[in-house]
Every structure is written in C-alpha cells, then in structure tokens.
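Asks: Residue numbers (the working numbering), protein chains in the order written: chain H, 60 to 274; chain G, 2 to 288.
Every residue, glycine too, gets a C-beta built ideally from N, C-alpha and C.
I'd like to ask you about the structure that follows.
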Amino acid sequence: MRVLLLLLPLLLPVHAFAQGTGGDPRDRLDAPGSPTDRYLHPAELRVGLHGATESFFLCFRRHLGIGREPGEISTTFTVAVDGKPTAVRIDGPDDTPQPLEACLIAATEAIEFDDHDGDPVEASYPLVFVTDSKGARVLPYPVVFVRPRPVRLPLLLLPPDVTRGEILMLERILVNEDEVPDEDELLAPGPEPTPELAPEPAPEPAPAPVAPAED
Amino acid sequence: MLLLLLATTASAAARRNIFYRIPEDRLEAFDFETTHTVSTAFERLPPEAKPYGTAGLIARVGDYTARTNGHFERYVARVFRDRSLGLLSRVASLEATIDRGEGPVALDLSGLVGKSLALRMKSSGELLDTLGWDRFVGAGRGGELLEEVLMLSTLRLPNHDPAGGKEVGATWNARVRVDAHLMRESTWVLSWTEGEVPADCGRCRALAYTGEIRETSTDKHPGRPMNLTGDAAISGVVVFALPSRQLVAHSWAVDWTRNVRSERDAGDTRGALVQTIHAEGSVRRRP
Chain H
60 MRVLLLLLPL LLPVHAFAQG TGGDPRDRLD APGSPTDRYL HPAELRVGLH
110 GATESFFLCF RRHLGIGREP GEISTTFTVA VDGKPTAVRI DGPDDTPQPL
160 EACLIAATEA IEFDDHDGDP VEASYPLVFV TDSKGARVLP YPVVFVRPRP
210 VRLPLLLLPP DVTRGEILML ERILVNEDEV PDEDELLAPG PEPTPELAPE
260 PAPEPAPAPV APAED
Chain G
2 MLLLLLATTA SAAARRNIFY RIPEDRLEAF DFETTHTVST AFERLPPEAK
52 PYGTAGLIAR VGDYTARTNG HFERYVARVF RDRSLGLLSR VASLEATIDR
102 GEGPVALDLS GLVGKSLALR MKSSGELLDT LGWDRFVGAG RGGELLEEVL
152 MLSTLRLPNH DPAGGKEVGA TWNARVRVDA HLMRESTWVL SWTEGEVPAD
202 CGRCRALAYT GEIRETSTDK HPGRPMNLTG DAAISGVVVF ALPSRQLVAH
252 SWAVDWTRNV RSERDAGDTR GALVQTIHAE GSVRRRP
C-alpha cells in the first residue's frame, strides 16, 4: 500500500496538481498572445494605440499652440484584416489646426495591429490633451470604443439572407420588451441600421488624472 | 503492483486504438458540401406580433433549403501542456444557394470566408473548448450552415475499437461556447460499428455511427432571453487513411426537432417556435 502511494504521483500528470480545478489561464484558447485566437479585441487595440502615445504627443506639441483649454480630439479608423488602420478620420473642435489633423492621421496610420480573421474593426480613440508651459500634450486614454457586432437570435436557424428588417421584426416579436413597433417602418427592410459606437464591454478602470510633469 | 501497471498500460493502449492523427507540421485542406432543409412553425405568437403581417415573415424565414460547398483549411496552432491540440479551422472558399420552392438562388456568404474557429480537443476528438462561434452564428451571418462541417470533422471517436463486428457505445456531453452568455449544451449517445470502406479509398478504414443528440440550451443574454430543447437522430461514416490514421472523409445526416421558446422577465413563455431541420453533408480531404 505504501509503495502504491509512493507511485501515485508518477501515475498522474503533474499539471493536474499544479492547475487546480479552474485550470491555468494560459491554457485558454483566447489567452493573450495565443495563436488560437485570431480575432482582434479592444484590449489589443488599446495596446497598439498606447504604443503610439509618443507620436500623438509630438503631433500635439508641434501643432497645437500654448494657452488652449484642455480638450479632446478623437481618431476614428477601421482595422483591416491585415492589421492596417484605414479610413482614418480626425474629429475635433472646428479650430483644430489642419497640420495637427494630418499629423494625427499619419500617426494613426503608422500603427501596426495584428492581422486577424474577423470583419474589419471600426474603432474610435479619444486623444485627450492638456497644455502646459511648453505646449499641448496628450494623455493615454484607457478606453477604445469599437462598433459592437452582437450575436442576434443565435438559437434560431434562420435563412442566411434574412434581412435586417426581418431580424428586427423577429426580435421585437420574440425578445424586445419595451418597443412598440411601427408597422410601416418594419414591413419594408429599410436602410441599414447604424448603431452608435459603444465602449468595449469591460474597460479597465481609468487611472486617476495626473498633472503633466514639468520639464 | 506489476499487475496494476500492466493493467493500466493495457487499458490505455486499448483506449488509444481509435484517434485522429492530425499533422502538427502542415496545413490540411478539406472540401465540404452541406444541405439544410429547414421548416419553422410559430406555435405561439405573443401579442407583440399583432402589429405585424407575420404571414410574410413566416414565408420568408419558415421553409427553405440551403446548400453550401467550398473548402476549409485547418492546422494545429498550439499543443497544450496536457497534449490536447489547439486546432484552427478557417473557411477558405464558400458558395451557397437558397431555395424556397422556386429554384435555387445564389447566396452571398463571402463574409464567412476567412473566418476561423479554434477548437481545443484531444486526439480522440473529445472537445474541451471552442472559440470563434460568435463570428459565425447569429441571424444574418449564415455560419450555422457550417456548424456540422467544422464540428463533425473532429467528431469524438469511441473509446474502444469496434473491430470484428462489435458495436461500441459512446456517450458524452458537449459544451460549445457561442459567446459570454450562451453555452450550447448537448448529450450525444452514439453506437459505432465497422463501416464500409469506399471503393475509391484503397488503404482505408471506415467507422459508421448512428445515435441521438439531445440539446438543452439557455441563452442568458438579457437582450435575447430564449431557450432551446431539441432532439436529433444522427448517422454518419468516418473514413481514415491507413496507416496514417488521418481523416479522409466524413459524411453525416442529422434530423433535428428543436423547440425554441422566448421568455418574459417572469419566466413566462412569450413566443414559441418549432424548427425541424434535416442536415446532411460531407467533408473530404483535398488531394
């Protein structure tokens, strides 16, 4: 019996003891960096955008004058399947200098995200700036906004050519609680809905604002 | 002690008789074709349906036959520490038609080309995890038509070899994560026998199976509170090459009856539908 107990560890895999009942997070298919996850997540976008903070900083420092009120300019772009940002657009106040816009577009286009197997990802990232005695500087923002792609009615096997109008009608019949449908609106498929950009599901908590360091 | 070790080794060897040998150093490619004949009946329409002309909706989504063909590629992206495989299957080409009784009409499913599904599985086909279904399935995407192609090409094999006219039973529960709110849960009860080797496959071995699947899934997404209970009869044949044990072909037929119910906050039934689905298809290794 004693010999059997001594041999027991040899008969069982060591990792069975090491991982516990929950398993090791590294063994998840979507563990960060795992080659089994071929889809781009907002957190990966955030890493790429934070990596470009210095480029954004230089744009603001060069092209935005001293004495401006703190504000926000956003860069909106689409990450193609090869990981390159395309259709970059800068949205800011009316008096945003043109050279700053061009610089921010170039800085965004220079970011290299991982190639992925998903649909092109439309994302928006706020560039929050403050000014100090040397000019403007940008603060890394903790959230990247992406257009959600919800899974709709996944328990029904619907024809692949079902229109968005028909999906909306089914949802309003079967699951939506509080919407009173407009028959005219829904009987015709109608234009494609354009959902608002929504923040990623679980952003990390925002760091406390830090006053820019004096150089 | 020696007897115990011998018994353990012998039993492990018996279990290892049937498994997939998936090459870890190269891409595999398979042609596929599927046919889904779907019939949907609304058993209960809630008052919310009153403003709509549901007859037109039912005619559009109710009865149809969808056919697909194309090919997919797969490779071992990762070998986990327990020697399970992280298999990545990617749709490489896809054509589809839909027929509502007036002849087939081409479907544009190009959005599925390039999409990948990751499976963590043992070489026996035992499924440990999946990732990527949220990119395939859901109204308007069409990836459900490829569910059998991507999942049955690694169908879990029996623990014991059904050689010599034996019939080997196999029962397991499968859990397929669709997204954070929905886990498709099913119980499979299959009976495996020696199958007939196709004439065009010289050194091959075929295993045939028949059985039943029972699914009970609850969608916990607050925006789509629905549940599904369903039963299916399934049969198929898996063909392996010898001695490599690599998958050569797999053909199947599945007949589902699914009861899908949507619920109100209090748990009362809101709408109820019955879907009957006949799905058949095959995958075949590309030369």
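Tell me, please, whether the CB atom of G:Asp220 is closer than 8 Å to any CB atom in chain H?
Replies: Numbered from its first residue, the second sequence carries residue 220 of chain G at position 219. Judged by the 8 Å Cβ criterion, G:Asp220 is in contact with chain H.
Asks: Assuming the contact rule is C-beta atoms closer than 8 Å, G:Val62 and G:Leu147 should be a hit. Round their C-beta distance to whole Å, please.
Replies: Here residue 62 of chain G is taken as the residue at index 61 of the second sequence, counted from 1. Here residue 147 of chain G is taken as the residue at index 146 of the second sequence, counted from 1. The pair is not a contact, with the Cβ atoms about 19 Å apart (cut-off 8 Å).
Asks: Which chain G residues sit within Cβ distance under 9 Å of H:Val189?
Replies: Taking the first residue of the first sequence as 1, we reach residue 189 of chain H at position 130. None at all; the shortest Cβ gap to chain G is about 36 Å.
Asks: Mapping the DSSP letters down to three states, classify H:Gln157 as helix, strand or coil.
Replies: On the first sequence, position 98 is the one that residue 157 of chain H refers to. Of the three classes helix, strand and coil, the one that applies to H:Gln157 here is helix, per DSSP.
Asks: Counting only Cβ pairs nearer than 9 Å, list the residues of chain H close to G:Met184.
Replies: The residue labelled residue 184 of chain G in the question sits at position 183 within the second sequence. Those do not exist, as G:Met184 stays about 11 Å from chain H at its closest Cβ, beyond 9 Å.
Asks: Going by DSSP, what residues sit across from G:Ala280 in a beta bridge?
Replies: Within the second sequence, the letter at position 279 stands for residue 280 of chain G. Answer is G:His37, G:Val255, bridged to G:Ala280.
Asks: Report all residues from its chain with a CB closer than 6 Å to the CB of H:Tyr200; omit the five preceding and five following residues, and keep chain order.
Replies: Along the first sequence, one-based indexing puts residue 200 of chain H at 141. Pro185, Val187.
Asks: Closest to G:Thr219 by C-alpha separation, out of G:Asn160, G:His251, G:Arg185, G:Asp83, would be which residue?
Replies: Indexing the second sequence from 1 puts residue 219 of chain G at position 218. It is G:Arg185 whose Cα lies nearest to the Cα of G:Thr219.
Asks: Note down, in chain order, all residues in the region 212-244 of chain G with a beta-carbon under 7 Å from any beta-carbon belonging to chain H.
Replies: Listed by position along the chain: Ser218, Asp220, Gly224, Arg225, Pro226, Met227, Leu229.
Asks: How would you call H:Ala26, buried or exposed, if buried means at least 16 neighbouring beta carbons within 10 angstroms?
Replies: The structure shown does not extend to residue 26 of chain H, since chain H spans only 60 to 274, so no value can be given for it.
Asks: Taking the alpha-carbon positions, what's the G:Gly139 to H:Gly107 distance?
Replies: For the purposes of this step, residue 139 of chain G is identified with residue 138 of the second sequence, where counting begins at 1. For the purposes of this step, residue 107 of chain H is identified with residue 48 of the first sequence, where counting begins at 1. Going by the C-alpha atoms only, they are around 30 Å apart.
Asks: Can you confirm whether G:Phe81, when its beta carbon is compared against all beta carbons of chain H, has any partner nearer than 8 Å?
Replies: Start at 1 with the first residue of the second sequence, and residue 81 of chain G comes out as number 80. Yes - at least one Cβ of chain H is within 8 Å of the one on G:Phe81.
Asks: Which residues of chain G have a Cβ atom closer than 8 Å to the Cβ of H:Leu99, listed in chain order?
Replies: Residue numbering aside, residue 99 of chain H sits at position 40 when the first sequence is read from its first letter. Residues of chain G passing the Cβ test: none, with the nearest at roughly 11 Å.
Asks: Near H:Thr145, which residues of its chain fall below 6 Å by C-beta distance, leaving aside the five closest residues on each side in sequence?
Replies: To locate residue 145 of chain H, count along the first sequence from 1; it is residue 86. Once the five neighbours on either side are set aside, the close Cβ partners of H:Thr145 are Thr137, Ala139.
Asks: Buried or exposed: which applies to G:Ser154, given that a residue is buried once 16 or more other Cβ atoms fall within 10 Å of its Cβ?
Replies: Taking the second sequence and counting its residues from 1, one reaches residue 154 of chain G at position 153. With 16 or more other Cβ atoms within 10 Å, it is buried.
Asks: Out of G:Arg75, G:Ala50, G:Leu110, point me to the one whose CA is closest to G:Pro24's CA.
Replies: To locate residue 24 of chain G, count along the second sequence from 1; it is residue 23. Selected option, being the one with the closest Cα: G:Arg75.
Asks: Could you spell out where the beta strand (DSSP E) holding H:His122 opens and where it closes?
Replies: The count along the first sequence starts at 1 and reaches residue 122 of chain H at position 63. No beta strand (DSSP E) contains H:His122, which is instead part of the alpha helix (DSSP H) from 112-122.
Asks: Could you work out which residues of chain G lie near H:Leu212, taking near to mean beta carbons separated by less than 8 Å?
Replies: As a first step, residue 212 of chain H is located in the first sequence; it is residue number 153 there, counting from the start. Neighbours of H:Leu212 on chain G, chain order: Gly139, Ala140, Arg225, Met227.
Asks: Please list the partners that G:Pro47 has in chain H, where partner means a Cβ-to-Cβ separation under 7 Å.
Replies: Working through the second sequence from its first residue, we reach residue 47 of chain G at position 46. What G:Pro47 touches in chain H: Ile232.
Asks: Within the 8 Å Cβ cut-off, does H:Thr95 reach chain G?
Replies: Here residue 95 of chain H refers to the residue found at position 36 when the first sequence is read from its first residue. Yes, because at least one Cβ of chain G sits closer than 8 Å to the Cβ of H:Thr95.
Asks: Just to check my reading of the structure: H:Asp176 and G:Gly115 have Cβ atoms closer than 8 Å, yes? What is that Cβ distance to the nearest angstrom?
Replies: Within the first sequence, residue 176 of chain H is the residue found at index 117, counting from 1. Within the second sequence, residue 115 of chain G is the residue found at index 114, counting from 1. About 6 Å; that satisfies the 8 Å criterion.
Asks: Taking the Cβ atom as the reference point for each residue, do G:Ser85 and G:Arg121 lie within a distance shorter than 8 Å?
Replies: Indexing the second sequence from 1 puts residue 85 of chain G at position 84. Indexing the second sequence from 1 puts residue 121 of chain G at position 120. Result yes, Cβ atoms of G:Ser85 and G:Arg121 sit closer than 8 Å.
Asks: Buried or exposed, going by whether 16 or more other CB atoms sit within 10 Å of the CB of G:Ser111?
Replies: Along the second sequence, read from residue 1 onward, the residue named residue 111 of chain G stands at position 110. G:Ser111 comes out exposed.
Asks: By the three-class DSSP mapping on this structure, what secondary structure does G:Gly143 have?
Replies: Position 142 of the second sequence, counted from the start, is the residue given in the question as residue 143 of chain G. G:Gly143: coil per DSSP, three-state reduction.
Asks: Go ahead and pull the three-state DSSP assignment for G:Ser124.
Replies: For the purposes of this step, residue 124 of chain G is taken as residue 123 along the second sequence, with counting starting at 1. In this structure, G:Ser124 counts as coil in the three-state DSSP scheme.
Asks: So if I threshold CB-CB distances at 7 Å, which residues from the region 52-67 of chain G count as touching chain H?
Replies: Here the close residues are Pro52, Tyr53, Gly54, Leu58, Arg61, Val62, Tyr65, Ala67.
Asks: Cα separation between G:Ile19 and H:Pro94?
Replies: For the purposes of this step, residue 19 of chain G is identified with residue 18 of the second sequence, where counting begins at 1. For the purposes of this step, residue 94 of chain H is identified with residue 35 of the first sequence, where counting begins at 1. Looking at the two C-alpha atoms, the distance is approximately 28 Å.
Asks: Kindly indicate if chain H contains any beta-carbon less than 8 Å away from that of G:Arg285.
Replies: On the second sequence, residue 285 of chain G is found 284 positions in, with the first residue counted as 1. No, its Cβ sits nowhere closer than 8 Å to a Cβ of chain H.
Asks: Give the range of the beta strand (DSSP E) segment to which G:Arg75 is assigned.
Replies: Within the second sequence, numbered from 1, the residue matching residue 75 of chain G stands at position 74. Taken as a continuous stretch (DSSP letters only), the beta strand (DSSP E) holding G:Arg75 covers 65-80.
Asks: Could you check where the alpha helix (DSSP H) with H:Leu212 kicks off and where it finishes?
Replies: As a working note, residue 212 of chain H is residue 153 in the first sequence. Note, H:Leu212: premise wrong, no alpha helix (DSSP H); not H, not E.
Asks: Are the Cβ atoms of G:Phe33 and G:Ser187 separated by less than 8 Å?
Replies: Counting from one through the second sequence, the residue named residue 33 of chain G turns up at place 32. Counting from one through the second sequence, the residue named residue 187 of chain G turns up at place 186. No, these two residues do not count as a Cβ contact at 8 Å.
Asks: Using only CA atoms, which one of G:Thr66, G:Glu96, G:Ala119, G:Phe137 lies nearest to G:Gly104?
Replies: Your numbering for residue 104 of chain G matches position 103 in the second sequence. Considering only alpha carbons, the answer is G:Thr66.
Asks: Could you spell out the range, first to last residue, of the alpha helix (DSSP H) harbouring H:Arg223?
Replies: Walking along the first sequence from the start, residue 223 of chain H turns up at place 164. Its alpha helix (DSSP H) spans residues 223-233.
Asks: Less than 8 Å between the C-beta atoms of G:Ala207 and G:Val240, yes or no?
Replies: In the second sequence, residue 207 of chain G corresponds to position 206, counting from 1. In the second sequence, residue 240 of chain G corresponds to position 239, counting from 1. Yes, they are a contact pair.
Asks: Using CA atoms only, rank isn't needed, just tell me which of H:Asp154, H:Arg206, H:Thr134, H:Ile132 is closest to H:Leu99.
Replies: Looking up residue 99 of chain H in the first sequence gives position 40. Among H:Asp154, H:Arg206, H:Thr134, H:Ile132, the Cα nearest to that of H:Leu99 is on H:Arg206.
Asks: To which residues does DSSP link G:Cys160 through a beta bridge?
Replies: Residue mapping note: residue 160 of chain G aligns to position 159 of the second sequence, counting from 1. As written in the sequence, residue 160 of chain G is Asn, which differs from the Cys given in the question. Looking at the DSSP assignment, G:Asn160 forms no beta bridge with any residue, so it has no partner.
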